[in-house]
Amino acid sequence: MKSFSTSILSALAALLSVAACSPKEVSYQDKSLPAEVRAQDLLSKLTLEEKTSLVLFNSPAVERLGVKKYNWWSEALHGIARNGSATVFPQPIGMASSFDREKIETVFSAASDEARVKNREAALSGDVRQYQGLTFWTPNINIFRDPRWGRGMETYGEDPYLTGELGMAVVRGLQGPADADVLKTHACAKHYAVHSGLESNRHRFDAQVSERDLRETYLPAFKDLVTKAGVKEVMTAYNRVRGVPCAASEYLVQDILRGEWGYKGLVVSDCWALSDFYEKGRHGYTSTQAEAAAVAVKNGLDVECGMSFTALQEAIENGLLAEEDLDKTLLRVLTERFRLGEMDGESPWDNLDPAIVEGPEHRALSLDMAHESMVLLRNNGILPLEAGQKIALVGPNADDKEMLWGNYNPVPKSTVTLLDAMKERVPDLQYVRGCGIMDAQYTPAPSGRFAGVSKMSRQELEAIAKQYAIGLDDLMNYVRREQAMQDSFQPALDENAVLKQLEGFDIVVFAGGISPRFEGEEMPVQLPGFSGGDRTDIELPDVQRRLIKALHEAGKKVVLVNFSGCAMGMVPETESCDAILQAWYPGQEGGTAVADVLFGEVNPSGKLPVTFYKNVSQLPEVEDYNMEGHTYRYFRGEPLFPFGFGLSYTSFEYGDAKVKGKTLEIPVTNTGSVEGTEVVQLYVRRPDDAEGPVKTLRGFQRVTIPAGQTVTVSLPLDKETFLWWDDKAQDMKPVKGTYELQYGGSSAQVKTLTYKL
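When we follow our numbering, the leftmost residue of the sequence shown carries the number 148, and every step to the right adds one.
#1: Is it true that the CB of Gln436 sits closer than 7 angstroms to the CB of Thr199?
#2: Roughly how many whole angstroms lie between the Cα atoms of Glu720 and Val275?
#3: Per the DSSP calculation, Pro881 is bridged to which residue(s)?
#4: Hey, is Ser221 close to the ligand SAH, as in C-beta under 6 angstroms from one of its heavy atoms?
#5: In this structure, does DSSP put Pro591 in helix, strand or coil?
#6: Arg783: buried (16+ other C-beta within 10 angstroms of its C-beta) or exposed?
#7: Mind checking whether Ala233 and Glu261 have CB atoms under 7 angstroms apart?
#8: With a floor of 3 residues, list each beta strand (DSSP E) that falls wholly inside the stretch 798-881, ordered by position along the chain.
#9: Could you say if the stretch 505-516 and the stretch 532-544 meet the contact criterion of at least three C-beta pairs nearer than 8 angstroms?
#10: Check the C-beta distance from Tyr886 over to Arg849 and give it rounded, since I have them as a contact under 8 angstroms.
#11: Please determine if the stretch 439-448 and the stretch 399-417 are in contact, where contact requires at least 3 C-beta pairs separated by less than 8 angstroms.
#12: Spell out the partners DSSP gives Asp681 in its beta bridges.
#13: Under 8 angstroms: do the stretch 809-826 and the stretch 844-861 share three or more Cβ pairs, one atom per stretch?
#14: Going straight from the alpha carbon of Ser169 to that of Thr194, what length do you get?
#15: Assess, as a yes-or-no matter, whether the stretch 793-804 is touched by the stretch 744-762 under the definition of 3 or more beta carbon pairs within less than 8 angstroms.
#16: Could you tell me which of Gln691, Thr364, Arg479, Ser206 sits nearest to Leu844, measuring between CA atoms?
#17: Does the Cβ-Cβ distance between Ser520 and Trp296 come in under 7 angstroms?
#18: Residue range of the alpha helix (DSSP H) that Glu748 falls in?
#19: In this structure, does DSSP put Val184 in helix, strand or coil?
#20: Which residue comes first and which comes last in the beta strand (DSSP E) that contains Gly659?
#21: Taking Glu505 and Lys560 to be in contact with their CB atoms under 8 angstroms, please state how far apart those CB atoms are, rounded to whole angstroms.
#22: Looking at the secondary structure, which residues open and close the beta strand (DSSP E) in which Leu635 lies?
#23: Does the structure place the stretch 465-482 close enough to the stretch 181-196 that three or more beta carbon pairs sit under 8 angstroms?
#24: If I measure Cβ to Cβ from Gln856 and keep anything under 8 angstroms in the same chain, skipping five residues before and after, which residues do I get?
#25: Under 7 angstroms Cβ to Cβ from Asp878, same chain only, skipping five residues before and after it: list those, please.
#26: Can you round the beta-carbon distance between Ala740 and Val708 to whole angstroms, since I take them to be within the 8 angstroms contact cut?
#27: Which residue's Cα is closest to the Cα of Cys713: Ser244, Ser764, Met454?
#28: Do Thr758 and Phe790 have their C-beta atoms closer together than 7 angstroms?
#29: I need the straight-line Cα distance from Asn205 to Glu380, nearest angstrom please.
#30: To which residues of the same chain is Ala534 closer than 6 angstroms at the C-beta, ignoring the five residues directly before and after it?
#31: Cβ atoms of Gly314 and Leu372: under 7 angstroms apart, would you say?
#32: Please go through the same chain and pick out, in chain order, the residues whose beta-carbon is closer than 7 angstroms to the beta-carbon of Ser150, but skip the five residues on each side of it.
#33: Could you spell out where the beta strand (DSSP E) holding Phe710 opens and where it closes?
#34: Any idea what DSSP makes of Thr332, helix, strand or coil?
#35: Closer than 8 angstroms by C-beta to Ala270: which residues in its own chain qualify, once you throw out the five before and the five after it? Chain order, please.
Here it is in structure tokens:
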């Protein structure tokens, strides 16, 4: 990738060449010039009012100069969201279970293909609205520090190394080659930094963390995406860190991000985060909107999602901000617009076939990704299911399309639920919903700014869509969600009535868990176990637990398929269920993926990217951002299921590893009777560091092994393998000393080799 300084020198050389060899004036309209040169020329022609408008997320057109309007806010968490139909891939926490860098990059390459098609179609219509642009505010690479954080399902788990590796795959898939003249789209590393819940206090919370926890846990993934993957945007978080809002933090933005890491891309704010600077009851960092805008720009914020930047002209006129500071920001913004090809309305992807959007190839990819996301947690031999068995399907998530889509989701044209997929395989399938996700006496709260839309007329819906500048199809997503919320509740459970309908059926597949209607970003939900989108406990809802227990006591063989975006406390279920499959929110092909695993058409290979605790008593206080006690790296108890854990329909045996040069060679044998895929994991530990992590992931590789065969997996041992906290440097460095290299199929099932660096 070209460095920023090299690009500037090239731009200056081009500028001098033009000046020396041609009488033609340098023009931002000249497509042959470098983006930086064009941006500088355009900047020189703008009025102050125009400049301040172009750093808003919903930038208006500058018609006199031919600059089109542009909206920076688009979403692609696991498919192109809020922009009509598109392929819905599994929720990121599910994709993280694959430990598959290559597949995740392929997923986001497909998503960016769909983005280019949709953007081109919108441009041809003459009206590119919000969510139809090319700048996507994803991936969420915050650390899923605590399972009670409702938004953790958007992340890639609790481990910094895994998050960095998979986050870089997202960036590569979305942006395309980093040194290309035209970028495919933008990715955005968010939320910088130390943001891991709670949703209820994010606008006023002050995260107090040690320098070690900051550098060892909260920042590594951001550093990876910036310094290795060349991510084009970084979004600052709502919260404060050590008393300063993230967008105003000189330490985070200037010293570390732009200084130490040499970041030259765009810094964007989370939506309406600058309002938290001055609104009553929040951070109390500035007194006015103009002060907040000035502070943010001086600290290097380039694009604001919100309305505080509308006060930038006032800030400059009142001496709070120099116009030169705004020019530095705007030069970066305009340069990136030229590099996207958005200013010129042309790109190398203009000829993509619109039929690829949710087409057969992308749906097959969604299914493949969902297969890899499935994590088999328990199996006493009942799985895989066999043809001819008397099987019933029970549970509130068996026929719920909305649940499968997760959050920040596209709305697909077709979705396969577990009920759909089971019907294809079991002709005499008995389906009984049995219960809701929760008991009926609990009434959900309204669903945010679009509350009540399910009862509105089409005319009212059209008015709402116009008010928020979104398409009517997009608004209908909220209508469906509100209707589906009501379906989550069912009259009080009658175990006798359910059991009567299941007479003669020996095996019950129970589709349970929770729903993205209850866990997620800042949700107005107050229910037992849930508050504001977060969780107050991690147990399976009681109505489901009672029904599963009744089924077990009636002699049924119970297979629990748990749908959730977080770790669940399922101690009773490990006693009452013969098998447990963690399915997450697996996307539009999720029903097929689950059924394929249940019936042995696919051998499960997913591994947990988070720790499954027994209950909340094993967790520290949720607002304690110090890492001690949080995640497998600092948890010193016995979890229900450890990080990296996942069963297969075969078995694997690890031989003794050997160090050869700069690699660790690990022999792995498939000792079962069927082919299987194992995720070989490498953890590093320093025995003489009592305050450090118990162990920390530093390598992994998926490998498919035929039955009875042995393969040797080679994992690199480089400087980054031995990055450890250096107290003198106050940073992560390759520290000399004795290490333990722990390798195996999970964080708890490892063999150990001593290694001296």
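Even glycine gets a Cβ: it sits at the ideal position worked out from N, Cα and C.
Remember, it's a predicted structure, so these values are computed and weren't measured experimentally.
In short, the structure shows the following:
#1: Start at 1 with the first residue of the sequence shown, and residue 199 comes out as number 52. Start at 1 with the first residue of the sequence shown, and residue 436 comes out as number 289. Result no, Cβ atoms of Thr199 and Gln436 do not sit closer than 7 angstroms.
#2: On the sequence shown, position 573 is the one that residue 720 refers to. On the sequence shown, position 128 is the one that residue 275 refers to. Between Glu720 and Val275, the C-alpha separation is close to 49 angstroms.
#3: Here residue 881 is taken as the residue at index 734 of the sequence shown, counted from 1. Bridge pairing for Pro881: Leu870 [DSSP].
#4: The model depicted lacks the ligand SAH and carries no ligand whatsoever.
#5: As a first step, residue 591 must be located in the sequence shown, where it is residue number 444. Because Pro591 sits at a pLDDT of 49, beneath the cut-off of 50, its placement in the model cannot be relied upon, and the following sentence gives the value as read from the coordinates. The answer is coil: DSSP assigns Pro591 none of H, G, I, E or B.
#6: Within the sequence shown, the letter at position 636 stands for residue 783. With fewer than 16 Cβ atoms within 10 Å of its Cβ, Arg783 is classed as exposed.
#7: As a first step, residue 233 is located in the sequence shown; it is residue number 86 there, counting from the start. As a first step, residue 261 is located in the sequence shown; it is residue number 114 there, counting from the start. In this structure, Glu261 lies closer than 7 angstroms to Ala233 by Cβ.
#8: With a minimum length of 3 residues, the continuous beta strand (DSSP E) runs that stay inside the stretch 798-881 are 799-801, 805-807, 810-817, 823-832, 843-852, 857-863, 870-873, 878-881.
#9: no
#10: Stepping through the sequence shown from its first residue, residue 886 is reached at position 739. Stepping through the sequence shown from its first residue, residue 849 is reached at position 702. That pair is no contact at about 24 angstroms.
#11: By the Cβ rule, the stretch 439-448 counts as touching the stretch 399-417, because three or more pairs are nearer than 8 angstroms.
#12: For the purposes of this step, residue 681 is taken as the residue at position 534 of the sequence shown. Beta-bridge pairing links Asp681 to Ser678.
#13: yes
#14: Here residue 169 is taken as the residue at index 22 of the sequence shown, counted from 1. Here residue 194 is taken as the residue at index 47 of the sequence shown, counted from 1. Residue placement at Ser169 is poorly supported in this model, since its pLDDT is 46, which falls under 50; the coordinates are not used for a value here.
#15: yes
#16: Within the sequence shown, residue 844 is the residue found at index 697, counting from 1. The shortest Cα separation from Leu844 among Gln691, Thr364, Arg479, Ser206 belongs to Thr364.
#17: Taking the first residue of the sequence shown as position 1, residue 520 is located at position 373. Taking the first residue of the sequence shown as position 1, residue 296 is located at position 149. No.
#18: As a working mapping, residue 748 is identified with position 601 in the sequence shown. Segment: none, Glu748 is in no alpha helix (DSSP H) and carries neither H nor E.
#19: For the purposes of this step, residue 184 is identified with residue 37 of the sequence shown, where counting begins at 1. In this structure, Val184 counts as helix in the three-state DSSP scheme.
#20: Within the sequence shown, numbered from 1, the residue matching residue 659 stands at position 512. Its beta strand (DSSP E) spans residues 654-660.
#21: For the purposes of this step, residue 505 is taken as the residue at position 358 of the sequence shown. For the purposes of this step, residue 560 is taken as the residue at position 413 of the sequence shown. At roughly 6 angstroms, the Cβ-Cβ gap stays under 8 angstroms, so Glu505 and Lys560 are in contact.
#22: Position 488 of the sequence shown holds residue 635. This sequence places Ser at residue 635; Leu is not what is there. The continuous stretches of beta strand (DSSP E) do not include Ser635, and DSSP gives it neither H nor E.
#23: yes
#24: Residue numbering aside, residue 856 sits at position 709 when the sequence shown is read from its first letter. If we look at Gln856 and ignore the five residues flanking it on each side, its Cβ neighbours are Thr816, Asn817.
#25: Residue mapping note: residue 878 aligns to position 731 of the sequence shown, counting from 1. Hits under 7 angstroms: Arg362.
#26: In the sequence shown, counting from the first residue as 1, residue 740 sits at position 593. In the sequence shown, counting from the first residue as 1, residue 708 sits at position 561. Wrong, their Cβ atoms sit about 11 angstroms apart, outside the cutoff.
#27: Taking the first residue of the sequence shown as 1, we reach residue 713 at position 566. Closest by alpha carbon: Ser244.
#28: Residue 758 sits at position 611 when you count from the first residue of the sequence shown. Residue 790 sits at position 643 when you count from the first residue of the sequence shown. In contact: Thr758 and Phe790 (Cβ atoms closer than 7 angstroms).
#29: Numbered from 1 along the sequence shown, position 58 holds the residue referred to as residue 205. Numbered from 1 along the sequence shown, position 233 holds the residue referred to as residue 380. Separation of Asn205 and Glu380 (C-alpha to C-alpha, rounded to the nearest whole angstrom) is 16 angstroms.
#30: The residue given as residue 534 occupies position 387 in the sequence shown. No residues qualify anywhere along the chain.
#31: For the purposes of this step, residue 372 is identified with residue 225 of the sequence shown, where counting begins at 1. For the purposes of this step, residue 314 is identified with residue 167 of the sequence shown, where counting begins at 1. A contact, by the Cβ cut-off of 7 angstroms.
#32: For the purposes of this step, residue 150 is identified with residue 3 of the sequence shown, where counting begins at 1. Residue confidence for Ser150 is low, a pLDDT of 45 falling below 50, so the modelled location carries little weight; the figure read from the coordinates is stated next. Once the five neighbours on either side are set aside, Ser150 has no close Cβ partner at all.
#33: Against the sequence shown, residue 710 aligns to sequence position 563. 704-710 is the extent of the beta strand (DSSP E) around Phe710.
#34: Position 185 of the sequence shown, counted from the first residue, corresponds to residue 332. Coil, per DSSP.
#35: Here residue 270 corresponds to residue number 123 of the sequence shown, with the count starting at 1. Gly492.
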